Each structure stands twice: as structure tokens, then as C-alpha cells.
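A short worksheet on the structure shown next.
Residue numbers (the UniProt record's numbering): 1 to 272.
In C-alpha cells form, the structure reads like this:
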């Protein structure tokens, strides 16, 4: 088996993943347990459609820190015309404009309109606790918000890739057994729907109920042991996020991770 399913929006994905299957192994339909975020199948579907309002508590905790320590200090370069500078604007030079040189100054929205594709894996091993998943999702939501504040437009793709072997997690031999799902949970022209993102990126049920249901529909849950091994996404976008940490970490460490991801984009953070 070698399948890669691509869903262009959440509505399409929900319609597909909520279907019933003929699978023998159906972990998505087991009783509510802490491993899946305390929800049974019907509760998971309801929360998926409504968004995870309570999840915003964790997201807002990081958002407050991000706003205080990062977002307010984001600066960008913008071109400024002057009589001397880094390089020449040929059009201004030929028209005898004395301010034909271009220099740079800092501005928050120099990159306004540029699309950044963020691919976020939700392929967590069975040992990863619900608390870790929730914290990691909150960190990613805060990162997305900061990126848009900096003037970019964010496209967010939720990815789940699995292989039959721990040695083939890089996708080097997909014909040996591979199932991958990409879901666009935020398009570049869409406003941030924070309760929607909170469920998709931070709630354990997104993987352990909804994505498991897709595996069952495709026959994957009966094809390989334990739903397979979490693997690397085929299409990694501009920012690719795997498991960030194996356990819950301090707020400072989480904030440092967000800063490092912003800096990879070339976003300047003012230092105190």
C-alpha cells in the first residue's frame, strides 16, 4: 500500500474522515480515555466541527507571553530612497532624481502579502502524553499568529505520514507500505480561526480519533501493526514542524523555540 491523500479544506476532510469503515482494528471508536484527550468518537466529531474553545486557554497562555516578549519587538526592513545608500534604483537615476539610492530601515510589514506554508506533523508516538500534544499545539498556534503579525500570510497544513517500518520513516521506500494525509486547515487568504486551529494542532483526538478513522477507512489499520510508524512529510513547505519536544517543557524553552522559528524566516526580533 502506498497512498497520499490531500484535502484542500477542513470541510472536505471532515466529510471523509467521519465515514464508517469495515476495518477490524478500530481504535478511533473505542471508549473515551485520557490518551485520546478524554473524548469518545461522537464527542471528537462534535468538537472537530465546533472548534476547541477550552483549548484556547493553553493557546492564550503562550499568546500572552509571545505578545509580551516577541510580537511587540518584531521589526522588518523596508527600502528607503536617499541621496546615498546600498544600491541604485535605475529608474530614479535615469530620471535625474537625486534620491536614486536605496537604503534600508526597519518596518513591521515589509513582507506583507508573502505566503508562508507551514506543514505541521501530528504524528505522535504512542508514548507522547496528551499534555505534551496540547502544549506543542499551543506553541504552534502562537507561532502562526506571530508570523501573520509580522506581515506574512500563513497557509497551514496538518500532516500525518506513517510507514510500516521505523527504518523507512524518511519515505525512501514508500512501496513497502506508506499512508500520508495532508489537510489544509488554514488557507493563506483565510483569517485565523483559533478554536479550529486549537483542535487540529493541539487536541489528541485529532490524531487518535480522526486520523485513526482515516487509516481505518483506507485499510491501513489492518495492513500494519499499531497504525504504523510516524514518518516525515513528503511536502515540507517553508516551515516543517515535527515533534518539537518529547515531554512538557518550561514556558521559556517553548518561547525560545518560537523565536528560533521566526528568525529562520528572517524576522528580526529587537533585543532589550
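The C-beta atom is built at its ideal place from N, Cα and C for all residues, glycine as well. Bear in mind the structure is a predicted one, so any value in this text is a computation, not a measurement.
Check: Can you check whether the CB of residue 195 is closer than 8 Å to the CB of residue 52?
Finding: Contact flag set, yes.
Notebook entry, point to check: Should the stretch 161-171 be called in touch with the stretch 129-137, which here means at least 3 C-beta pairs below 8 Å?
Noted result: No, the stretch 161-171 does not touch the stretch 129-137.
Check: What runs of the alpha helix (DSSP H), each 4 residues or longer, lie entirely inside the stretch 122-188?
Finding: Taking only runs of at least 4 residues, the alpha helix (DSSP H) segments lying wholly in the stretch 122-188 are 130-149.
Note to self: Going by DSSP in three states, residue 256 sits in which element: helix, strand or coil?
What the structure shows: Assignment of residue 256 by DSSP, reduced to helix, strand and coil, places it in the helix class.
Item checked: CB contact flag (residue 160, residue 122, <8 Å) -> Yes, they are a contact pair.
Note to self: Assuming the contact rule is C-beta atoms closer than 8 Å, residue 243 and residue 124 should be a hit. Round their C-beta distance to whole Å, please.
What the structure shows: With a Cβ gap of about 6 Å, residue 243 and residue 124 count as contacting.
Margin query: Suppose the cutoff is 6 Å on Cβ atoms and the five residues either side in sequence are ignored; what does the same chain contact list for residue 188 look like?
Written below: Within the same chain, and ignoring the five residues on either side of residue 188 in sequence, the residues whose Cβ sits closer than 6 Å to its Cβ are 115, 153 and 155.
Note to self: I'd like the list of long-range same chain contacts for residue 260, defined as Cβ closer than 8 Å, with 5 residues on each side in sequence excluded.
What the structure shows: Same-chain partners within the cutoff: there are none.
Check: Over what stretch of residues does the beta strand (DSSP E) that includes residue 223 continue unbroken?
Finding: Not the beta strand (DSSP E): residue 223 falls in the alpha helix (DSSP H), residues 220-223.
Margin query: Measuring straight from C-alpha to C-alpha, what distance separates residue 41 and residue 25?
Written below: Roughly 14 Å separates the two Cα atoms.
Check: Can you name the start and end residues of the beta strand (DSSP E) that residue 335 belongs to?
Finding: Look at the range of the chain in this structure, 1 to 272, and you will see that residue 335 is not part of it.
Notebook entry, point to check: Tell me, which residues are paired with residue 230 by DSSP?
Noted result: Per DSSP, the beta-bridge partners of residue 230 are 162.
Notebook entry, point to check: Looking only at C-alpha atoms, which of 237, 254, 247 and 250 sits nearest to residue 265?
Noted result: The option with the nearest alpha carbon to residue 265 is 237.
Next item on the list: Starting from the Cα of residue 138, find the closest Cα among 38, 251 and 207 and give me that residue.
Entry: The shortest Cα separation from residue 138 among 38, 251 and 207 belongs to 251.
Check: Using a Cβ-Cβ cut-off of 6 Å (strictly less than) and excluding sequence neighbours within five positions of residue 4, which residues of its own chain qualify?
Finding: Spatial neighbours of residue 4 in its own chain (CB-CB distance under 6 Å, excluding positions within 5 residues in sequence) are listed in chain order as 180.
Checklist line | Counted within 10 angstroms of its Cβ, other Cβ atoms place residue 34 as buried (16 or more) or exposed | finding: Under this definition residue 34 is an exposed residue.
Item checked: Through-space distance from residue 56 to residue 225, alpha-carbon basis -> One Cα belongs to residue 225, the other to residue 56, and the distance between them is close to 34 Å.
Check: Between which two residues does the alpha helix (DSSP H) harbouring residue 195 extend?
Finding: Per DSSP, residue 195 belongs to the alpha helix (DSSP H) from 194-202.
Item checked: Closest by C-alpha distance to residue 140, when choosing among 198, 151 and 166 -> Between residue 140 and the set 198, 151 and 166, the nearest pair of CA atoms involves 198.
Next item on the list: Can you give me the start and stop residues for the alpha helix (DSSP H) that residue 45 sits inside?
Entry: Element bounds for residue 45: 41-50.
Checklist line | Where residue 18 falls: helix, strand or coil (DSSP) | finding: The answer is coil: DSSP assigns residue 18 none of H, G, I, E or B.
Next item on the list: Name the one or two DSSP bridge partners that residue 7 has.
Entry: Bridge partners of residue 7: 183.
Notebook entry, point to check: For residue 105, which three-state DSSP category applies?
Noted result: Annotation note: pLDDT 48 at residue 105 (below 50); position unreliable, no value reported.
Check: If you check the beta carbons only, do residue 215 and residue 227 fall under 8 Å apart?
Finding: Yes, the Cβ-Cβ distance between residue 215 and residue 227 is below 8 Å.
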